[in-house]
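Structure, rendered in structure tokens:
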């Protein structure tokens, strides 16, 4: 190697995986081929046991692939040990060194570098540790031991520890999975912000669909060691290319819209030409998701306390045994030209209600759902 | 636990504790003057120092050789691993006199090793090196197993993280694995050292002289009987006890050990990741 430290060459962090085969105990990856652009926020989505962590660890150099190549910035790093790849890694459980305090955890990578050459004066290390700590708001924790931190604080420290060595590629392995919902949402927004600010390439592994949609510019769905589909979030949930992706992503209604205040504690989410009442603290451009079983169908307009009610026409009826999925094409009227495609709502009803209402394709019906049934989550930036 | 169950469990337990404590108390209850007199006995002093020293050397050898072995056993799956683990455990079950005979057949005066080391001026039979190898043989299992458990309890992902932060495998061992397993290793070393102090069977066959404390005690008992042996025994029990408790306290100091996962907890955590 001409240069032992490619990470300091200021590489952009473009990643290319070519036909990667990995076998590791019960996990195996088969023919993984992926391209991640420099500066991209790329999400790998899959269920537990899909081999997501193994894939990430292989990119980091922890496991050696049986076949295939890993290229970072067009350089083959397949045979490079992890310490020479210039990647940062954050695990689900933060994996802070328990025998070191927060400051020393963050300084860990800098101290190693300092030993090899003369960039590691105590002052320089302090400056860099403080800079990254301020970015993540953890400066006040420097003297604590990891077991005295909350889950969110731990993940922040782990992020700081990975970021302080200015990696060209940041690998995040379920970094939010172990957190409580409030902290998760907060840190998720911070991750998006950090990515914007630092412009590093991020590969983020998760099993959580909404997390993937919120953060990923593109998503790769992986299952049983294989990549099933790669594409922007909307493509994944609008056009799942396989039975598995469709089922894993879930039959659900996801739509993009803009939030407007409504005054009575609710907010209005404008999707195309339709305004639906929702409950959220967020603002701006967001996603909303609605579970098929939270939608009611009837032949008469609703006159109940249900906040959202839209007329539409039945576009399809899919029989899934005990549950019937009815797709209703909402007739929201006109609609802005560049808005998202006309909204189709998938509603789940029981076989009994299907028979009682005698629903057929092409018939006019009314859909209704509560404002609180719409789950609003932040959208991917850019 | 209700009262009756508690009693039912406590009585047999109490009997066992009494069974251990009573003889020890009985022996330590020698007249203090007599113990003091024994302490001034130069032969006793020499043998106690010899015992402590030899066991310390054996422990040091095991630290240098056994800790790397323990790390390998904890982290690497190699073909004959079960065999190596079996060999490590064997000294615990082999009668120690048999261990002494076995050692004699390798380190004896007329064996290959005995002759080679003889040329270098090192003698095992009836010499301190013989005492050290006997102690090492019978007690290293404690250290190796404790160290292995210490390393096993460290989530490998901590080492992986260290690697991505720029540490070579060697550096991640020194900066993460070793400091984290240190408490286990240290307490294993104490156990080993204490076990070495008490060794009699293997030593008596390889090196009756110079006399370590247990051999001296045996000799006094054989030559002069119970009355003369008791103060020596009392002194040894006291000295070992003091040293043992002191080291234990050092090992336990500041141990919050919150991060040290038990084997079961580790499986749970590891089992979750893919």
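Chains as they are written, first to last, in my numbering: chain W, 659 to 1040; chain X, 6 to 279.
Think of the CB as a built atom: it goes at the ideal place given N, C-alpha and C, for glycine as much as any other residue.
Here residue 915 of chain W really is in contact with residue 944 of chain W; their C-beta atoms are around 7 Å apart, less than 8 Å. For residue 853 of chain W, the number of other beta carbons within 10 angstroms of its own is at least 16, and it is reported as buried.
Of all residues in the stretch 1010-1030 of chain W, none has a C-beta nearer than 9 Å to a C-beta of chain X. Looking at W:874, W:790, W:751, the one whose alpha-carbon comes closest to that of residue 764 of chain W is W:790. Under DSSP, residue 971 of chain W takes part in a beta bridge, and its partners are W:987, W:1022.
Secondary structure note for residue 1008 of chain W: its beta strand (DSSP E) is the uninterrupted segment 1002-1008.
In the three-state reduction of the DSSP assignment, residue 57 of chain X falls in the helix class, which pools H, G and I. Chain order gives the chain X residues near residue 767 of chain W as 170, 171, where near means a beta carbon separation below 7 Å.
For residue 800 of chain W, the nearest beta carbon of chain X is not closer than 9 Å to its own beta carbon. Assignment of beta-bridge partners to residue 915 of chain W by DSSP yields W:944. Between residue 40 of chain X and residue 239 of chain X a beta carbon distance of about 6 Å is seen, short of the 8 Å cut, so the two are scored as contacting. One thing to note: residue 696 of chain W has its Cβ within 9 Å of the Cβ of residue 731 of chain W. Leaving aside the five residues that flank residue 899 of chain W on each side, the residues in its chain whose CB is nearer than 6 Å to its CB run, in chain order, 887. As summarised for the stretch 798-874 of chain W, the continuous beta strand (DSSP E) elements at least 3 residues long and confined to that stretch are 827-831, 859-864, given in chain order. For residue 823 of chain W, the nearest CB of chain X lies under 9 Å from its own CB, placing it at the interface with that chain.
For residue 715 of chain W, the closest Cβ of chain X is nearer than 9 Å. According to the DSSP secondary-structure assignment, residue 746 of chain W is paired through a beta bridge with W:828. With a 10 Å radius around the Cβ and a threshold of 16 neighbouring Cβ atoms, residue 672 of chain W comes out buried. Per DSSP, the unbroken alpha helix (DSSP H) holding residue 16 of chain X starts and ends at 8-33. When DSSP states are grouped into helix, strand and coil, residue 225 of chain X belongs to the helix group. Taking a Cβ-Cβ cut-off of 7 Å, the neighbours of residue 757 of chain W in chain X comprise 184, 185, given in sequence order.
Close partners of residue 163 of chain X in chain W (Cβ separation under 7 Å): 753, 755. Contact between residue 204 of chain X and residue 144 of chain X holds, since their C-beta atoms are separated by about 7 Å, short of 8 Å. Here residue 712 of chain W is near residue 680 of chain W, since their CB atoms are less than 9 Å apart.
Bounds of the beta strand (DSSP E) holding residue 1036 of chain W are 1033-1036.
Remark: C-beta atoms of residue 816 of chain W and residue 754 of chain W approach each other more closely than 9 Å. Interface with chain X (9 Å Cβ-Cβ cutoff): residue 747 of chain W is included. In the assembly as shown, residue 978 of chain W is an exposed residue. Its beta-carbon has fewer than 16 other beta-carbons within 10 Å. Within chain W, the C-beta atoms nearer than 7 Å to that of residue 181 of chain X come from 755, in chain order. In this structure, the beta-carbon distance from residue 211 of chain X to residue 103 of chain X does not fall below 9 Å.
Within the stretch 178-217 of chain X, complete alpha helix (DSSP H) segments of at least 4 residues are found at 183-202, 206-211, given in chain order. One thing to note: residue 845 of chain W has its Cβ within 9 Å of the Cβ of residue 814 of chain W. Within the stretch 137-157 of chain X, no residue places its CB atom closer than 8 Å to a CB of chain W. With respect to the 9 Å criterion, residue 170 of chain X and residue 762 of chain W are not classified as neighbours on the basis of their beta carbons. The bridge partners DSSP lists for residue 676 of chain W are W:727. Taking 9 Å as the cut-off, the beta carbon of residue 83 of chain X is found no closer than this to the beta carbon of residue 74 of chain X.
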